[in-house]
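Trainee:
Numbering (the UniProt record's numbering), first residue to last: 1 to 118.
So this is what it looks like as structure tokens:
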């Protein structure tokens, strides 16, 4: 199953609405990076509101997507992180210290605009 990636101006909007398995996560990583390259996107908002749990592999892939996107010149904002997901990320040592976060997609877009303008 593929996760839809929407384009809005210079941004990509991604709302993960499915439980992530290893195959879906790797496809997601490939799709995001390809879309950043194709569209020349400057920013990405990844909404995780519907994701209630992640395992260590998914946590690593998510961290890699953020790092790889930054290397390609696209700033990432994560939104809607649920408590169990936050706990797993920290337990795995994936700190995402320089990654802005927001409560929801709307706030994530606002945060992304501030990050890119400032």
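Beta carbons: idealized from backbone N, C-alpha and C, even for Gly.
If we count the other Cβ atoms within 10 Å of its Cβ and call it buried at 16 or more, is residue 75 buried or exposed?
Mentor: As a first step, residue 75 is located in the chain shown; it is residue number 75 there, counting from the start. Per the 10 Å Cβ criterion, buried.
Trainee: Rounded to the nearest angstrom, how far is the Cβ of residue 31 from that of residue 79, given a contact under 8 Å?
Mentor: Here residue 31 refers to the residue found at position 31 of the chain shown. Here residue 79 refers to the residue found at position 79 of the chain shown. Incorrect: roughly 18 Å between the Cβ atoms, too far for contact.
Trainee: In angstroms with no decimal places, state the Cα-to-Cα distance between residue 122 and residue 87.
Mentor: As shown, the chain starts at 1 and ends at 118. That puts residue 122 outside it, with no answer to give.
Trainee: Buried or exposed: residue 2, going by 16 or more other Cβ atoms within 10 Å of its Cβ?
Mentor: Residue numbering aside, residue 2 sits at position 2 when the chain shown is read from its first letter. Exposed, by the Cβ-count rule.
Trainee: Assuming residue 65 is part of the alpha helix (DSSP H), what are its boundary residues?
Mentor: Along the chain shown, one-based indexing puts residue 65 at 65. Run containing residue 65: 56-71, per the alpha helix (DSSP H) assignment.
Trainee: For residue 71, is the classification buried or exposed, using 16 other Cβ atoms within 10 angstroms of its Cβ as the cut-off for buried?
Mentor: By one-based count along the chain shown, residue 71 stands at place 71. Label assigned to residue 71: exposed.
Trainee: Hey, residue 51 and residue 26: beta-carbon distance below 8 Å or not?
Mentor: Along the chain shown, one-based indexing puts residue 51 at 51. Along the chain shown, one-based indexing puts residue 26 at 26. Not a contact, by the Cβ cut-off of 8 Å.
Trainee: In its own chain, which residues sit with a C-beta less than 8 Å from the C-beta of residue 5, not counting the 5 before and 5 after it?
Mentor: Reading the chain shown from its first residue, position 5 is the one you call residue 5. Correct list, in chain order: 12, 13, 14, 31, 32 and 35.
Trainee: Can you look up residue 47 in the DSSP assignment and give me helix, strand or coil?
Mentor: Here residue 47 is taken as the residue at index 47 of the chain shown, counted from 1. Three-state result, residue 47: strand.
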